[in-house]
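Some notes on the structure that comes next.
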Amino acid sequence: MSISYRDDIYLALRTIRYAKTRSFLTVLGIVIGIVSVVTIVSVANGIKSQVSGQINASGKDLILVKPGQLNKSNSSNILSNLSQLSNSNSISSLTQNDVASVAKTPGLESSTALNIVNGQVKSDNGKYSVVVIGAGDKFPSLANQKISYGEYLDSSSSDIYQAVIGQNIAYTIFGEKIPLGKSFKFHGETFIVRGVFDQFKSAPLSLNTDFNNAIFIPYQTAQNLTNNTAPIYEIMAKAQNSSSVSSSIKTINQNLLQLHGGIQDFTVLKQSQSLAITSQVLDSITYLISIVASIALVVGGVGIMNVTLVSITERTKEIGIRKAIGATNSQILMQFLIESSVLSLFGGILGVIISFMVDYGLILATSLSPKISWPILVIAFLLSLSIGIIFGSLPAFKAARKDPILALRYE
Amino acid sequence: MEKPLYNIVYGMSIINLKEVSKIYGFGDATTVALEEVSLSIDENEFIAVMGPSGSGKSTLMNIIGLLDRPTYGNYMLNKRSVDKIRTSRRAKIRRDTIGFVFQSFNLLPRLNVLENVALPLAYKGVGLNRRLKMAEAMLDKVGMADKKYFFPNHLSSGQSQCVAIARALVNNPKIIIADEPTGNLDSASSRLVMELFSEIHKSGSTILLVTHNPEITRYASRVVYMHDGSVLVDEATKIGEVAETAKKVMYKAPKKTIEDDLAGVSAIMDAIPQKNHHAKKKTAKHKKPVPKKRKNNIKRKKS
C-alpha cells in the first residue's frame, strides 16, 4: 500500500469533475436513498421532541385514565404497536361511575373527565365534522392550558349551550380567527362561542386527539345531548404532590378494577407514559419506512457498480499502463475502490444537503418540525461510504485482475 | 532447424533467458510466439531487436519486462529466477528495475505531464512534494521542463515520447524496454528521441529497443534479429554504424511479408508516399505471396 490514499482521492475527485453529468446520474440513487432515510428519521426526531414538549406542557404528574388496554409490554413488536393506532373513540369502557370513583380517590388534588359527542357542526359557513368534547370546569388547569381570547366554559351559567374552541378550527368553521360571540348549531341546539384556547402543544401522528381541532362544550351539556351515552374519552386527575402519583395510580386502578368486575379494560397511566407509547409507535413506523427507503440505497449502489464496471472497461488501457509502470494489483484495486467510495460519499453529501432543503420545506408547509441531528448525518455518511465500498469492490477486483498485456493492447 | 546464435554468459548478465518459450491458445489454435529463445544481456548493453511483425519481439519484451510469464524455460533477472514469484512482487520488480517506453506513448490523458512522470514514484510510495521535484528534474533532463503543466493531448508526438521516456527513467531503472519508440514519430523527433536513448545508454542503463527502422541500429551496441519466434541473428555492432543484418534489410531485398505491410509500422513504409505504397504492396504480393516458413498446423502469432 505504498501509494497514498490522498492521491487516489484526489484522482477520484478529478474523475468526478471530468464527467459531472455522468457522476451525478450515477449517484442519483444514493442521493434519493439518503434523502428519504434522513428525512424520515429527522421527521420522527422532530415529532419526538414535540411529544416531549407536550409532556412538559401538561405536567408530568398528570394521571390519565383511558378506555381500553394499551399493550405496552412488547415494544419490539411493530405490528402490536401499530394496532394501538386504531384505538377507537366511539366505544368507551369507562362509565360515569368510574368518573365518580376517580373523583373520590383520596390524595388527588382534582380530577375531570372528557367525553366525546359525535355529530356535525353547522355554522354560517357550512357543515363540519369536528370532534366535540365535553369538558369539566377543571380541564384548563389540569391540562395546563390557557385561553387566548374570551373565557372558559362557565358551568354555573344558566346558558348551558356555550363552547370554547381550539385555535385551528376557528378559521375553518367561522372564517375568522377570533369568533367570539359567533354561534353554531350542534344536535339541534345553538351554541355560542365563549372563548378560544391557546395553541395546545400537540405532536403530529400522536395517539391523542388533537385538541386544537376540537370544540369544547360543558360536560353536563354533552351528557344531556346524548342522554348520558357520550363515550368517555379520558379521565384526567392530578395528585396532590408528585411523590404520591404512583400510589394514586395504584389506588385508582384498584377501585376501577372493582367497578369493572376485575376486567382490566382500561388503562391508568401517567401523562409521560402515554406519550412514551406514542414515541414507541413512532419508532416502529420510522424503523419500517427506513428499511423501505434503504432499498433506494441498494438500487443506488447497483447503479454505482454498473457505472464503475463500464468505466473500468473504458479505462482498460489506463489500467494496463499503470500496471506496466509498476502498480500492483492491490494498488489498482484501491484506486477503483476509493473512486467508487468517493463517488458514493459525494452522493451522500448531496443527499444530506437536499435533506436539509426538504426539511426546511416541511417546516414551512406542514406542522412537522424535522430535526437533523449529528447521529443521522454520521449514519448517512457511513451508509453511503459502505455502499461505495460494497458495490465498488466487484468492479475494483475485476480491474485489479486485468492482464496487463491485454489491457495495454486495448483500444 | 537452424540453431539461433546466442552467447550464454552466466553470472555477468543482467538478463538471462534460457530456452524460453511462449505458447498461446491450445489445440488447433495454438500459437507459438517464442520458441526456445535463449538470450543473455549484459549490463549497459544497447540492444536493438528487429524482425517482422509476429516474430515474437513484443512477446519477448513482455516476458523480459515481467508483464508476461514464459510457458517454458527459465528467466533470470539480476541473477534471480523470476518465473515463480508472485504477481505483486513482479509488479514491484517491474516498478524498480524496468522502465517501459511504448510506441503510442501511453501517457495517462487525465494527468498532466508532471503527474504522469511522477506516477511510478507514487506507486513506490514517494511523498507528493519529493516526487514532483524528482519528476521535474527528470523532465528537465529530457528538455520538457517548460511543458510540465501541459496535458498529454497538448503535446506533439515527439514531446509525448520524451515525457514517456522521462516517466520510464524516473525510478532509475536498470533496464529500459522500448517497444518501437520511434514508430509514431517523424524523422526529426525520432532523432531527438534516439539521442535521448543514447544518453541514457551512456549513463549506464541497459536498453532493449524494438524497431523496424534499420537506421536506429546505429545507436545500438548489439542487434538481435528475430523471426518466427526465434532469434535468427545476434550480432554485436559498433555504435554509430548500421548493423550488418539491418543493412541487408535496408539495402538488399527486404524480407517483407504481407503482414509487414499490413502492420504498416516500419519507418521505411511510412516514408513511401501513399500511392507507391499501394503499388509496392501489390507487387510484393505477386512476388512473394506466401511467408517462407510455416510450421505444420501452427499459426504464427500476429501482434
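Chains as they are written, first to last, in my numbering: chain A, 1 to 411; chain B, 1001 to 1303.
Here a beta-carbon is modelled for each residue, glycine too, at the ideal position from N, C-alpha and C.
Out of the options, point me to the one whose CA is closest to residue i's CA.
i: A/Q96; options: A/F191, A/F24, A/V196 and A/A113; result: A/A113
i: A/D283; options: A/Y10, A/T21 and A/V43; result: A/V43
i: A/K480; options: A/V299, A/I235, A/N227 and A/Q120; result: An answer regarding residue 480 of chain A cannot be provided, because it is not within the stretch 1 to 411 covered by chain A.
i: A/F415; options: A/L350, A/S101 and A/L408; result: Residue 415 of chain A is absent from the structure shown; chain A starts at 1 and stops at 411.
i: A/T39; options: A/T278, A/I289 and A/N306; result: A/I289
i: B/V1117; options: B/M1134, B/T1206, B/K1079 and B/Y1075; result: B/M1134
i: A/T26; options: A/S340, A/G361 and A/I379; result: A/S340
i: A/D61; options: A/S272, A/S279 and A/Y410; result: A/S272
i: A/K402; options: B/D1028, B/Y1024, B/S1081 and B/D1068; result: B/D1068
i: A/V307; options: A/I9, A/I169 and A/G29; result: A/G29
i: A/V342; options: A/G392, A/E314, A/S311 and A/K323; result: A/G392
i: A/F139; options: A/G181, A/Q199, A/Q258 and A/Y219; result: A/Y219
i: A/L11; options: A/F336, A/S384, A/K371 and A/L406; result: A/F336
i: B/E1035; options: B/G1027, B/M1076, B/E1043 and B/K1022; result: B/K1022
i: B/R1080; options: B/H1154, B/G1027 and B/I1014; result: B/I1014
i: B/L1039; options: B/L1208, B/M1144 and B/P1214; result: B/L1208
i: A/V102; options: A/F186, A/A293, A/A237 and A/F200; result: A/A237
i: A/A143; options: A/I387, A/S111, A/T328 and A/L333; result: A/S111
i: B/M1194; options: B/G1204, B/K1174, B/E1215 and B/Y1149; result: B/E1215
Output the distance between the C-alpha atoms of residue i and residue j, rounded to the nearest integer angstrom.
i: B/N1108; j: B/K1092; result: The residue asked about is misnamed: residue 1108 of chain B is Leu in this sequence, not Asn. Distance between the alpha carbons of B/L1108 and B/K1092: 20 angstroms.
i: B/P1181; j: A/F381; result: 48 angstroms
i: B/L1119; j: B/N1112; result: 11 angstroms
i: B/K1248; j: B/H1212; result: 13 angstroms
i: A/S373; j: A/K48; result: 13 angstroms
i: A/S344; j: A/T15; result: 13 angstroms
i: B/L1132; j: B/E1241; result: 38 angstroms
i: A/F191; j: A/S156; result: 16 angstroms
i: A/V37; j: A/S93; result: 40 angstroms
i: B/C1170; j: B/L1128; result: What sits at residue 1170 of chain B in the sequence shown is Val, not Cys. C-alpha separation (whole angstroms): 14 angstroms.
i: B/Q1103; j: B/S1190; result: 11 angstroms
i: A/I9; j: A/G347; result: 15 angstroms
i: B/T1097; j: B/A1168; result: 10 angstroms
i: A/I215; j: A/F184; result: 11 angstroms
i: A/N89; j: A/V302; result: Interpretation of A/N89 is limited by its pLDDT of 47, a score under 50 that renders its predicted location unreliable; no figure is taken from the coordinates.
i: B/R1090; j: A/N45; result: 55 angstroms
i: A/D265; j: A/Q258; result: 12 angstroms
i: B/K1077; j: A/I319; result: Per the sequence shown, residue 1077 of chain B should be read as Leu rather than Lys. If you take the alpha carbons of B/L1077 and A/I319, they lie about 25 angstroms apart.
i: A/V281; j: A/Y287; result: 10 angstroms
i: A/S73; j: A/L13; result: Confidence at A/S73 is low in this model, with a pLDDT of 48, below 50, so its placement is unreliable and the value that follows should be read with caution. The alpha-carbon atoms of A/S73 and A/L13 are separated by roughly 51 angstroms.
i: A/A163; j: A/V117; result: 13 angstroms
i: B/D1307; j: B/S1198; result: Because chain B here runs from 1001 to 1303, residue 1307 of chain B falls outside it and cannot be looked at.
i: A/M357; j: A/K317; result: 42 angstroms
i: B/K1124; j: B/R1094; result: 11 angstroms
i: B/K1018; j: A/E314; result: 38 angstroms
Taking only three categories from DSSP, how would you classify residue i?
i: B/M1076; result: strand
i: B/F1100; result: strand
i: A/L406; result: helix
i: A/Y287; result: helix
i: A/Q120; result: strand
i: B/I1063; result: helix
i: A/K371; result: coil
i: A/N89; result: The predicted model places A/N89 with a pLDDT of 47, which falls under 50 and marks its position as unreliable; any figure quoted below should be read in that light. Note: A/N89 maps to coil in three-state DSSP.
i: B/K1238; result: coil
i: B/T1031; result: strand
i: A/T366; result: coil
i: A/V37; result: helix
i: A/E411; result: coil
i: B/F1026; result: coil
i: A/N97; result: helix
i: A/V130; result: coil
i: A/G388; result: helix
Taking CB distances under 8 angstroms as the criterion, tell me whether residue i reaches chain C.
i: B/D1228; result: Of the protein chains in this structure, namely A and B, none is chain C.
Any contact between the segment 1063-1073 of chain B and the segment 1213-1226 of chain B? By contact I mean 3 or more CB pairs, one from each, below 8 angstroms. Result no; under three Cβ-Cβ pairs closer than 8 angstroms.
Entirely enclosed alpha helix (DSSP H) segments - the segment 158-239 of chain A, minimum 4 residues: List check, alpha helix (DSSP H) in window: 167-174 and 219-225.
Count the CB pairs spanning the segment 21-41 of chain A and the segment 294-302 of chain A that are closer than 8 angstroms, and state whether there are at least three. yes
Quick check: the segment 1158-1165 of chain B against the segment 1132-1147 of chain B, are there 3 or more CB pairs under 8 angstroms? Contact holds: three or more Cβ-Cβ distances are below 8 angstroms.
In chain order, what are the residue ranges of uninterrupted alpha helix (DSSP H) at least 4 long that sit wholly in the segment 1094-1154 of chain B? Secondary structure remark: continuous alpha helix (DSSP H) runs of at least 4 residues inside the segment 1094-1154 of chain B, in chain order: 1113-1124 and 1128-1141.
List in chain order: all unbroken alpha helix (DSSP H) runs of 4+ residues lying wholly within the segment 300-358 of chain A. Annotation note: the segment 300-358 of chain A contains the following uninterrupted alpha helix (DSSP H) runs of length 4 or greater, listed N- to C-terminal: 316-324.
Do the segment 248-259 of chain A and the segment 124-140 of chain A make contact, defined as three or more Cβ pairs closer than 8 angstroms? no
For the 8 angstroms Cβ check, are there 3 or more pairs between the segment 254-271 of chain A and the segment 354-361 of chain A? Here the segment 254-271 of chain A makes no contact with the segment 354-361 of chain A; the two share fewer than three CB pairs at distances below 8 angstroms.
For the segment 1223-1238 of chain B against the segment 1042-1059 of chain B, are there 3 or more C-beta pairs whose distance is under 8 angstroms? yes
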